[in-house]
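Asks: Under our numbering, the residues of the sequence shown are numbered 616 to 778, in order. Cβ atoms here follow ideal geometry from the backbone N, Cα and C, with glycine treated the same way. Take a look at this one; I'll ask things after.
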Amino acid sequence: MVFDLYTIIFRFVLFGLLAYKVKQMICSYGIPYLQQEVESERKQHMELLEKEKLLTSTQHRLENQMSQQSRTLVGLEKKIQQWHNVLVADHQERIAHAVRVQELVNVKRKQQSLCLQRAKDAQVVIPEVFANVEHELALRYNGDAGKKKLQSCIQALASDSML
């Protein structure tokens, strides 16, 4: 029985030494490794938090830029629409002016045509009228005195019509 007691004590001592060595190895190698891993995970976590903050701030900045650009775009669209309306009104005004000018030109052409026709008629009719008048007056005033008076009258009328 003593042998069994020594064996049990010896085994407890061996177990204690083994447990002590395992504890010492865990403290020497395991805990520093675990602390290093925990620190590494903490650093990764902090980096991820910083990246998240950076991405969030970037997202807010981009959203602000997009809203600003959207407002600018709306303003530009309004200005383009106003410019387009001004151009359309100007184009319509030019068309109306061109129509008025064309109408005035047509009226002027009609007047010129009428005046030209009257001038042509006058060039044809007046010599015939003068010839007929000369012949009738010559018949009425058979003598030379009548002819001279008729010539002076015709010359006076011809010079008046030329002016």
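1) Between the C-alpha atoms of Val-637 and Glu-678, what's the straight-line distance to the nearest angstrom?
2) Apart from the five residues on each side of it in sequence, which residues of its chain come closer than 8 Å, Cβ to Cβ, to Val-716?
3) Measuring only the C-alpha atoms, how far is Asp-736 from Pro-742?
4) Can Glu-751 and Ile-769 be called in contact, C-beta distance under 9 Å?
5) Excluding the five sequence neighbours on either side, which residues of its own chain have a C-beta within less than 7 Å of the C-beta of Ile-624, listed in chain order?
6) Could you check the C-alpha separation between Lys-658 and Met-681 for me, to the nearest Å?
7) Do the CB positions of Ala-781 and Phe-745 come within less than 9 Å of each other?
8) Rounded to whole angstroms, what is the Cα-Cα separation between Gln-639 and Ser-672?
Replies: With the structure as the only source:
1) 58 Å
2) none
3) 10 Å
4) no
5) none
6) 34 Å
7) Any property of residue 781 remains undetermined from this structure, which presents the chain solely from 616 to 778.
8) 48 Å
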